[in-house]
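What follows is a short report on a single structure.
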Amino acid sequence: MVPRYYEVFARKSSDDALAHVGSVEAPNDDLAQVRAWYIYDQHSWKEMCVVPTEAIIPVRLGKHSTRIKMA
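This is how it looks when you write it as structure tokens:
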């Protein structure tokens, strides 16, 4: 089984935005969740999420993008 990489996001309270706290390597989603809780347990997180790295789509300005200027 080929390991996958996951990005870990967490927040300390419902008012906080999710913040990137690190990454883990795991063969499946379930083990990624367990590893994330184990590795990043230094805070009492209200919520933690893991996202497969390949699912993240970077947003970049390219030749077909439009910039919006504020007046």
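Everything in the sequence shown is counted per the numbering used here, starting at 2 for the first residue and increasing by one. Virtual Cβ for every residue (Gly too), placed ideally from N, Cα, C. Computed from a predicted structure; not experimentally measured.
For residue 33, the closest alpha carbon among the candidates 52, 18, 56 is that of 52.
By the neighbour-count definition (other C-beta atoms within 10 Å, threshold 16), residue 25 is a buried residue. In this structure, DSSP gives residue 35 a helical state, which the three-state scheme calls helix. The beta carbons of residue 4 and residue 27 sit about 6 Å from each other, so the pair counts as a contact at 8 Å. Counting C-beta atoms within 10 angstroms of its own C-beta, residue 11 has 16 or more neighbours from the protein chains shown and is therefore classed as buried. If you draw a straight line from the Cα of residue 48 to the Cα of residue 42, it comes to about 11 Å.
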